[in-house]
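Below: one structure, written as structure tokens.
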Amino acid sequence: MFKRISALLLAGAVTMTMAGCGGDGGSGGSADDGKITMGFSQVGAESGWRTANTKSVQDSAKSAGVDLKFSDAQQKQENQIKAIRSYIQQKVDVIAFSPVVESGWDTVLKEAQSAKIPVILTDRAVDSADTSLYKTFLGSDFVEEGRKAGTWLTEAFKDSKDPVNIVELQGTTGSAPANDRKAGFAEVIGADPKFKVIASQTGDFTRAKGKEVMEAFLKANPDIDVLYAHNDDMGLGAIEAIEGAGKVPGKDIKIITIDAVKDGMQALADGKISYIVECSPLLGPQLMDLAKKAVKGEQIPARVVTEETTFTQEQAKEALPSRQY
Ligand code: GZL
């Protein structure tokens, strides 16, 4: 995480804007006729967020006239590496991917660099020390998302004199969102010793695993006050476990999640979830714009941070009718 923050500070993060500051004479690629080919390696189809992200990428490629080669890695790094190698063999103009985990990418990214194919990180980041291996990282600030979750919790329990027992459902082990959402949350609640994370385990961003792990948490810990789930889907699975244990989600156990997909927002509006931090999956349009610029050899920002908000139960009721995902 630290490496990426220093790269962020060096490069100067931009939010939602792209500074096309004139060409640096890159490979040029086939963008001169406007049509480019993108090889995209997607993490998988593990959550509602991922489904929405895939739709955004595929729809945006169509409207941008980008020829998209798309692969689903079923949450396995080796499948993403295979897909990237195949795109290099096919001599695509640009490669984009959401790295399922932060580490282990340098070798294949060096192969893409030697083949003079620009790489764009979208959604999740890598921890490579060599930031020349990719042109930009387009995605959320996951540490900030964790901080927002922690800030809501400390505010909600500011008058409590008793210990606040928290269980945490982490995202995929080794992934940037799991590492950073955990760090940001811990940074904020760590200021007050009454907040105690009594159990923390991965639910791999899936509903099924979230339910399974929450069942175990409930068996081992009779006095849970709060669940912090790194995504809506694990929170929704946990709600099934909480109700199965005869407890009332949102009342007996406050629930904070991250994403703000439709099912999560509905549970928030229904009072089962207490607070949601948004993480937008709608990265497609920006990705296609950045890809075209990269293929033309134009300068693009090293970091593009997506703008996001947060939702209370009242705000969810207002926002639900117009949600795109
Ligand atoms: C976050 C993304 C995460 C979502 C999960 O940008 O990588 O992966 O929060 C998804 O829902 O599975």
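The sequence shown runs -19 to -1, 1 to 306 under mature numbering (1 follows the signal peptide of the UniProt record, and there is no 0). All C-beta atoms, glycine included, are put in the ideal place defined by N, C-alpha and C.
Residue i Cβ short of 7 Å to ligand 3 heavy atom set
| i | result |
| --- | --- |
| I257 | As presented, the structure is devoid of ligand 3, carrying ligand 1 as its sole ligands. |
Check: residue i C-beta below 7 Å from any heavy atom of ligand 1
| i | result |
| --- | --- |
| F186 | yes |
| W30 | yes |
| N212 | yes |
| I254 | no |
| E125 | no |
| G120 | yes |
| S79 | yes |
| R128 | no |
| R284 | no |
| E27 | yes |
| I105 | Note that residue 105 corresponds to Arg in the displayed sequence, not to Ile. At least one heavy atom of ligand 1 is nearer than 7 Å to the Cβ of R105, so yes. |
| I220 | no |
| I239 | yes |
| G265 | no |
| G152 | yes |
| P158 | yes |
Three-way DSSP call (helix, strand, coil) for residue i in this model
| i | result |
| --- | --- |
| A180 | strand |
| G9 | Residue confidence is low: G9 scores 42 on pLDDT, short of 50, so the model does not pin down where it sits. Its coordinate-derived value is still stated next. Three-state result, G9: coil. |
| residue 349 | Outside the shown range of the chain, which is -19 to 306, sits residue 349, and nothing can be said about it. |
| I(-15) | Because I(-15) sits at a pLDDT of 47, beneath the cut-off of 50, its placement in the model cannot be relied upon, and the following sentence gives the value as read from the coordinates. The answer is helix: DSSP assigns I(-15) an H, G or I state. |
| L264 | coil |
| T117 | strand |
| K235 | strand |
| V202 | The identity of residue 202 in the sequence shown is Asn, whereas the question assumes Val. Reduced to three states, the DSSP call for N202 is coil. |
| V242 | coil |
| I223 | helix |
| I257 | strand |
| A24 | At residue 24 the sequence reads Val, which differs from the Ala that was named. Three-state result, V24: coil. |
| S52 | strand |
| N212 | coil |
| V89 | helix |
| F123 | helix |
| Q280 | coil |
| I147 | strand |
| A77 | strand |
| I69 | helix |
| P230 | strand |
| T291 | strand |
| T32 | helix |
Residues near residue i in its chain [Cβ-Cβ closer than 7 Å; skip 5 each side]
| i | result |
| --- | --- |
| K116 | P99, V100, I101, A275, I281 |
| D231 | Looking at the sequence shown, residue 231 is not Asp but Gly. Only G252, K253, I254, S255 meet the Cβ criterion. |
| D111 | D87 |
| D161 | M(-19), F123, V124, G127 |
| V89 | I62, I65, R66 |
| G85 | Q58 |
| T238 | A210, N212, D213, G216, G245, I254, I257 |
| A54 | S22, Q23, V24, G25, N60, Q61, A64, V81 |
| D40 | G265 |
Exposed unless 16 or more other CB atoms sit within 10 angstroms - verdict on residue i
| i | result |
| --- | --- |
| G171 | exposed |
| Q267 | buried |
| N212 | buried |
| G131 | buried |
| P203 | exposed |
| S156 | buried |
| D104 | buried |
| E295 | exposed |
| D240 | buried |
| E168 | exposed |
| S95 | exposed |
| C2 | Its pLDDT being 33, under 50, C2 is placed unreliably in this model, and the coordinates cannot settle the point. |
| T187 | buried |
| A201 | exposed |
| Q71 | exposed |
| T153 | buried |
Close-in-space but distant-in-sequence residues of the same chain around residue i (CB under 8 Å, 5 per side omitted)
| i | result |
| --- | --- |
| I17 | G10, S11, V47, D48, D74, V75, A272, K273, V276 |
| K190 | T183, G184, M215, G218 |
| L301 | K243, M246, Q247, A250 |
| I234 | I205, D206, V207, L208, I223, K228 |
Chain-order list of residues whose beta-carbon lies under 6 Å from that of residue i (same chain, five-residue window excluded)
| i | result |
| --- | --- |
| K129 | V258, T291 |
| K175 | P144, V145 |
| F118 | L102, A106, R284 |
| S52 | S22, A64 |
| G20 | K50, Y68, V73, I76 |
| S261 | T287, E289 |
| E221 | K192 |
| A297 | M246, L249, A250 |
| request: Evaluate contact between the stretch 131 to 139 and the stretch 192 to 201, counting only Cβ atoms and requiring at least three cross-stretch pairs below 8 Å. | output: In short, these stretches do not touch, since the Cβ pair count stays below three.
| field | Three or more C-beta pairs below 8 Å linking the stretch 57 to 68 and the stretch 33 to 40 | value | A contact is defined here as three or more CB-CB pairs under 8 Å, and the stretch 57 to 68 fails this definition with respect to the stretch 33 to 40.
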